[in-house]
């Protein structure tokens, strides 16, 4: 069976369905190319990291966004500087992308019979104006980043 045939079959199933569950993960955001940067949020991509954080390759051992996960050998200033820059860039300012907009088009005829579940914390579904009352992010959301021990009442 060709890719074209498989896509046609899948499209027919979606059209004929009474509801749609979208389950997404890292691959969807990796494919969400931001026009300004020319890259998607591929946490394993050296090229994306260089494009998004050129200075980090000079002042740290990091070579891709995935390197930040579990990293312990950096100063608090560098860590928080990177993390807040990353959250600001990807969670609040990435903007709509064609891959998420294409997915949203699939749901137009089934707005009340659809649901999204994702492991992504980047807020791409919200930035692309999906219905957030029909949404679950199982690994949190960068917009909820906060100190473990509050240093203020803000």
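Residue numbers (our numbering): 967 to 1120. Idealized CB from N, CA, C, for every residue including glycine. Predicted model, so just to flag it, every value in this text is computed and none were measured.
For residue i, I'd like the list of residues in its chain whose CB is within less than 7 Å of its CB, leaving aside the five on either flank, ordered along the chain.
i            : result
residue 1009 : 992, 1030, 1031, 1032
residue 1119 : none
One question on the structure: do residue i and residue j come within less than 9 Å of each other, judged by their Cβ atoms?
i            : j            : result
residue 1101 : residue 987  : no
residue 1095 : residue 1062 : yes
residue 1021 : residue 1003 : no
residue 996  : residue 983  : no
residue 1048 : residue 994  : no
residue 990  : residue 1086 : yes
residue 980  : residue 1072 : yes
residue 985  : residue 1079 : yes
Identify which residue in the options has its Cα closest to the Cα of residue i.
i            : options                : result
residue 1064 : 978, 975, 984, 1005    : 1005
residue 1025 : 1045, 1093, 1036       : 1045
residue 998  : 1090, 1019, 1104, 1119 : 1090
residue 1093 : 1070, 1114, 1104       : 1070
residue 1104 : 1084, 1088, 1113, 1119 : 1084
Identify, in the order they occur along the chain, each residue of the same chain with its Cβ nearer than 6 Å to the Cβ of residue i, setting aside the five sequence neighbours on each side.
i            : result
residue 1028 : 1022
residue 1014 : 1005, 1008
Check whether the Cβ of residue i lies closer than 9 Å to any Cβ atom in chain B.
i           : result
residue 988 : Protein chains in the displayed structure number just one, and chain B is not present.
With a threshold of 8 Å on Cβ separation, who are the neighbours of residue i within its own chain once the five nearest residues in sequence on each side are excluded?
i            : result
residue 1068 : none
residue 1053 : 1108, 1109, 1111
residue 1051 : 1019
| message | Using 8 Å as the cut-off, can you tell me whether the stretch 1086-1102 makes contact with the stretch 1034-1051, which would need three or more C-beta pairs spanning the two stretches below that distance? | response | Not touching, per the Cβ criterion.
| query | Contact between the stretch 1104-1113 and the stretch 1048-1062: three or more CB pairs below 8 Å? | reply | yes
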